[in-house]
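Visitor: Take this structure first; my questions come after.
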């Protein structure tokens with residue numbers, strides 16, 4: 357690849373389309389989305405991928421795992437099917453408003 361491709365795909369990966377490739381397969385393989393691949397490759401026809409064409413596979417954005425906020429003086433409870441505010445308040449001897 358020459359420098360033009362690196363400018364075309366900053367921070368991403370240049371990929372040469374192979375027989376049998378689909379954007380869905382490439383998105384899963386590279387941990388991105390079909391929409392992100394299409395956005396990085398204006399004019400790319402997802403229904404007519406041309407074998408041998410170089411495309412940009414963008415780097416997936418950072419992902420974060422949500423964390424529970426601290427619960428001073430209490431504990432964490434995982435909601436179960438059928439739980440309601442009222443049933444939880446009764447179970448843990450508190451009020452719905454608390």
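Residue numbers (our numbering): 357 to 454.
From the three backbone atoms N, C-alpha and C, an ideal C-beta is built for every residue, glycine too.
Note that the structure is predicted; figures quoted are calculated from it, not measured.
(1) Pull the bridge partners of residue 410 from the DSSP assignment, please.
(2) Expressed to the nearest angstrom, what Euclidean distance is found between the alpha-carbon atoms of residue 377 and residue 405?
(3) Rounded to the nearest angstrom, what separates residue 447 and residue 453 at their Cα positions?
(4) What do you reckon, are the CB atoms on residue 413 and residue 400 nearer than 9 Å?
(5) Indicate whether residue 370 and residue 379 have their beta-carbon atoms separated by less than 9 Å.
Guide: Reading it off the structure:
(1) Under the DSSP definition of a beta bridge, residue 410 partners with 372.
(2) 8 Å
(3) Taken atom to atom, the span from the alpha-carbon of residue 447 to that of residue 453 is near 14 Å.
(4) no
(5) no
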